[in-house]
Every structure is written in structure tokens, then in C-alpha cells.
Ligand code: URA
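Numbering (the numbering used here), first residue to last: 37 to 468.
Shown next, in the form of C-alpha cells:
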């Protein structure tokens, strides 16, 4: 078999066989197939696409390129969630404790943030002492003992995807639905859970800019998961404004804690409940979505979910007092209000720009080696649909620097206004 013949076949629009896909992925992972041939291949896929069977085969080939976590020593159904990446997305910090407090095993490997999107690991590290790095054995033991663990990746999961994603990033081939689907699903499947809920973001702050493309991606990922015997749901959610009000690590942890105390932002609470409810249905803890939603509400009211977050933090070396008393989180040195000259109704908040503003303050990384400042970020005061008047503050900046002119401008420019109010919708579609 020769790589050039496989590239030519895809270039001319023919579907590839299992042997051909395995040949390419194995050869690329072990260095026998060079970057220039793989670049040509990914560009051919970008233009010609791949059918569902090919995409499943590509996912399996990347999944089999590394370690696959064996969670069989954890009793009962294991659930996981994945977000395609947004701004202000602290969903795991609320969904995980809700479902775990109902006795559903939540075993999750999370990632770090890069660019305008934040990562759960960085948010958890805003809690003093929290250890993201457990061995596989410690991870499994903790989930068996307290029903929940959230850690950074152990072992080498889907190394073929790591190499291929870096190549796609510099060859303009990221935005291909089969390549995104196989990339995400190879890593999710390697993490070993039985049921997965995917949160596919749509809008200015997301990879998928419209519902049509997001639907195609979500349907494909759900099919791939089902083809691999997983219970799957995808939820399409709005990223035409940041999720909740807070963007920045400890600010987001505080917002998650407020939500677990029953005081969460409307959009954020609704999204967390939808994802948690879908996981509850997969674990057969409720018969209907309404029943699953009531369970979420109950676990907030009786503080079981909050106490489960405190248990998770304590088990992983963190100080649980921060969860029970969030005013303990260190504050940034300066705060600045962002006031406007407009009046009307907010009709859009460019999430990418707010994410970039937080990144410039030090809440995110421009490059993977940058060190994060957990205390800084942006807290919005207005969301889409809200009325604004001249001189209203639309956001507070939390900074350890005194010059925030660039950040202020980014925030001001991120907001647009209309004369009539619009009603935003967070859940756009559910795909099973
Ligand atoms: N996230 C991934 O992990 N892979 C992609 O291709 C795109 C987003």
C-alpha cells in the first residue's frame, strides 16, 4: 500500500477502506508517513468529506493509536461530558457534582484552556491545593469511593489525534466536520466512560458558526459513539454570548459555587440542568426529562451537589473551605467598571472578544507555556436581552495591572445593541 494512492483516491472522492485508513494513521503516528503527505490527505478530506463509516474507522484508528482507559473496575455506569469549547464555560463544576450526588459515577479527564477558551483544569487549580494529577489507580479508587473525580489526562490518549490536530492547525484543515468529529470522539472514547453528553457550541465564540453545521457535527459524533456502543446525546447550545456572567478562573469557580447554592445565572443553570438531566436519563435514574430536571433542582436545594463538590476538592488535596466560603478566593488588585454611552437593548455579546479580553488580563494563555493568573477576568453585568442606559456599567474588569485600556475597548466593542429586546435561547437542539 502507498500513501500517495490513498491520497489520490480521497482526492477523487472515493471512500476509503479500513485497511487504507489504518495504514495512514499507523504510518503517520510512527513517523513513516511524513507531514506533507498527511497535509495533502487532510486537505483532500476537507474538500471531499468522509462518510459515516469512514469517519468511524478514522476515529477507531486514532483511538487505537494510544492508551484506552479501562474503567471496568468502577462499579455501575460511568458518565462523562464534553464541551467543544466556549467562553465562561464552567459547566463541569456544576454538572459533575449534581450527577455524582445522585450516585452516578462521574469519571472525567479534562483539558486546559488555550486562546479565548478556558479549561476546567485551570479553573480547578484556582482552588488552593487541588491536584489534577492522579494515577489511573488513584482515579479509579476515588470514583469507586466518592463517585467523582476530575483530573488531567493520564497516559497517552489518542496520540495520532495530537499529531494530526497540530498539523491541521497550520494547514487550514481544522474546519472539516469528519476531522473534528473523529478528533473529539477518539479522545472521548479513549477516556473509557459508558455514556457521553456532548455540548456542541454554536455562534460567534465557537468553532461552529451556524446551527446547520453544528447539527451535522453533532449527529456524526452521536453516530460514532453509538457505533462504539456508547450511550450518546448531543446538546447544541448558544455561544453568541459568554455563558453566565463570569469569565476568568476563580471568578468562574465562584459563579459555579453560587449556582450550586441556588443563585446561578439563568442561561448557565439551564445548560447545566439540561446536560445533567441527559446524563441522569442515560444512567436510568429518571424516566422522563422533567423528572431528571426535578432531581437536579432537589440536589441544589438540599445542598447535596454543593457538598459533593466540596468532597471532590478535599479528595484531590484542595481546601474545601473555599467551596463553602467562596469569599476566601484571593481578589485581583484592581477593579474597573466598563461604562457605556448607549441606550437600548443588548442583542449580541461577541464571546470570542470577551474571552480575548480575559486572556490579555492573564486569565488565559496565548501559548501553551504561559502561566495563568487565577484571580483576574471579567464579570459582565448585562446579558443579551437586557436594557441598558447611558453610563450603565456593562462589566467589571478584575486586573493585577493598572492599564486596562485595551481590555476596556475589547469589552465595549464586543457589545451590540438594538431598539427592541430579543429573548436569547441557550438550548438550541437536542440530538440523540
Ligand atoms: N476540538 C478537538 O479536540 N478537535 C478538533 O478537531 C476541534 C476541536
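Here a beta-carbon is modelled for each residue, glycine too, at the ideal position from N, C-alpha and C.
Between residue 254 and residue 222, the beta carbon gap of about 17 Å keeps them out of contact (Cβ cut-off 8 Å). With fewer than 16 other CB atoms across the displayed protein chains lying within 10 angstroms of its CB, residue 50 is exposed. Near the ligand URA, residues with a Cβ at less than 5 Å from any of the ligand's heavy atoms are 216, 219 and 220; the list follows chain order. By the neighbour-count definition (other C-beta atoms within 10 Å, threshold 16), residue 461 is an exposed residue. A straight line joining the alpha-carbon of residue 368 with that of residue 411 spans about 5 Å. By the Cβ-count criterion, residue 278 is buried, with 16 or more other Cβ atoms from all chains shown falling within 10 Å of its own Cβ. Per DSSP, residue 142 lies in no alpha helix (DSSP H) segment; the continuous beta strand (DSSP E) that holds it begins and ends at 141-146. Secondary structure at residue 365: coil, using DSSP grouped into helix, strand and coil. Taking C-beta atoms as the reference points, residue 379 and residue 426 count as a pair closer than 8 Å. Per DSSP, residue 268 lies in no alpha helix (DSSP H) segment; the continuous beta strand (DSSP E) that holds it begins and ends at 267-274.
An exposed status is given to residue 366, since fewer than 16 other beta-carbon atoms sit within 10 Å of its beta-carbon.
Taking every protein chain shown into account, the CB of residue 449 has fewer than 16 other CB atoms within 10 angstroms, so this residue is exposed. Put simply, the segment 228-246 touches the segment 109-126. At least three CB pairs are less than 8 Å apart.
For residue 397, the closest of 459, 457, 443 and 220 by C-alpha to C-alpha distance is 443. Between residue 430 and residue 418, the gap from beta carbon to beta carbon is short of 8 Å. In the DSSP assignment, residue 383 falls outside any alpha helix (DSSP H) and lies within the beta strand (DSSP E) extending over 380-385. Here the segment 84-99 lies against the segment 57-76, with 3 or more beta-carbon pairs under 8 Å apart.
The Cβ atoms of residue 101 and residue 65 sit closer than 8 Å to each other.
Apart from sequence neighbours up to five positions away, the residues of its chain that approach residue 159 with a beta-carbon distance below 7 Å are 126, 129, 285, 288 and 289, ordered along the chain. When secondary structure is reduced to three states using DSSP, residue 243 falls in the coil class, being assigned neither helix nor strand. Taking C-alpha positions only, residue 313 is separated from residue 63 by approximately 42 Å. Beta-bridge partners assigned by DSSP to residue 375: 429.
Where residue 114 is concerned, the enclosing beta strand (DSSP E) starts and stops at 114-119. With respect to residue 257, residue 316 sits apart: the two C-beta atoms are not nearer than 8 Å.
Listed in chain order, the beta strand (DSSP E) elements of length 3 or more contained wholly in the segment 259-333 are 267-274.
A straight line joining the alpha-carbon of residue 74 with that of residue 215 spans about 13 Å.
Taking C-beta atoms as the reference points, residue 335 and residue 138 count as a pair closer than 8 Å. Our two residues, residue 382 and residue 420, have alpha carbons roughly 5 Å apart in a direct line. In terms of CA proximity to residue 301, 416 leads the group 416, 166 and 72. Take residue 166, set aside five residues on each side of it, and the residues of its chain with a beta-carbon closer than 8 Å to its own are 160, 349, 352, 353 and 354, in chain order.
It is roughly 29 Å from the alpha-carbon of residue 360 to the alpha-carbon of residue 111. Residue pairing by DSSP places residue 83 in no beta bridge whatsoever. If you draw a straight line from the Cα of residue 135 to the Cα of residue 186, it comes to about 13 Å. With a beta-carbon spacing of about 7 Å, residue 463 and residue 306 fall inside the 8 Å limit used to define contacts. Nearest Cα to residue 388 within the set 373, 371, 414 and 377: 414. Take residue 377, set aside five residues on each side of it, and the residues of its chain with a beta-carbon closer than 7 Å to its own are 426, in chain order.
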